[in-house]
Amino acid sequence: MNIVDVFTKSITNDEIEHKYEYRITKSNIEIYNYGVNNDVQSYGIEIERKDILNGKTINLERDSVYNISPHRHKVQQLTKLLYDNEVSPINAIEILGDYVDEYIIDFDNVLKEISIG
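Our numbering runs 309 ahead of the 1-based position in the sequence shown.
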């Protein structure tokens, strides 16, 4: 897995700095299709929030959803949505869930393209 893009944001609230990192990840997954294993690129999102007080990390939260879609632009739009709304790792899956369910068909479409091509 590789990190292909990072969105970073820092917000200070009541002397605590909240540092958010939203990372777009890229990996390959193997999908079995009609007796053949196909390698398909896949993009996902990692989210991290560090809470810092007086230069010391006092809390760290992290979550990730891998293999969201084979289309980078879709995952980039989701990452921007999380970034713009300062979504915490704790709430990310609630936001991403419906999109992940919708985008899973992208992998089937890529396999169809491979079969036709």
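All C-beta atoms, glycine included, are put in the ideal place defined by N, C-alpha and C.
Buried or exposed, going by whether 16 or more other CB atoms sit within 10 Å of the CB of residue i?
i: Gly353; result: buried
i: Thr317; result: exposed
i: Thr321; result: exposed
i: Leu405; result: buried
i: Leu391; result: buried
i: Ser351; result: buried
i: Tyr329; result: buried
i: Tyr341; result: exposed
i: Tyr343; result: exposed
If I'm right that residue i touches residue j with Cβ under 8 angstroms, what's the distance once you round it to whole angstroms?
i: Glu395; j: Ser373; result: The Cβ separation is near 18 angstroms, so there is no contact.
i: Asp314; j: Gln385; result: 7 angstroms
i: Ile399; j: Glu370; result: 6 angstroms
Leaving out five residues before and five after residue i in sequence, what residues of the same chain have Cβ atoms less than 6 angstroms from its Cβ?
i: Ile367; result: Asp360
i: Asn346; result: Glu339
i: Tyr408; result: Leu387
i: Asp335; result: Position check: residue 335 holds Lys in this sequence, whereas Asp was assumed. Result list for Lys335: Asn311, Val313, Tyr352, in chain order.
Who are the Cβ neighbours of residue i in its own chain at under 8 angstroms, not counting the five residues just before and after it?
i: Ala401; result: Ile354, Ile356, Asp372, Val374, Leu391
Worksheet entry | Meets three-Cβ-pair contact criterion under 8 angstroms: the segment 369-385 and the segment 401-414 | yes
Item to complete: Ignoring anything shorter than 4 residues or poking outside the segment 378-404, list the alpha helix (DSSP H) runs there in chain order.
Response: 381-393
Worksheet entry | Whole runs of the beta strand (DSSP E) within the segment 329-379, excluding any shorter than 3 residues | Whole beta strand (DSSP E) segments, 3+ residues: 345-362, 365-378.
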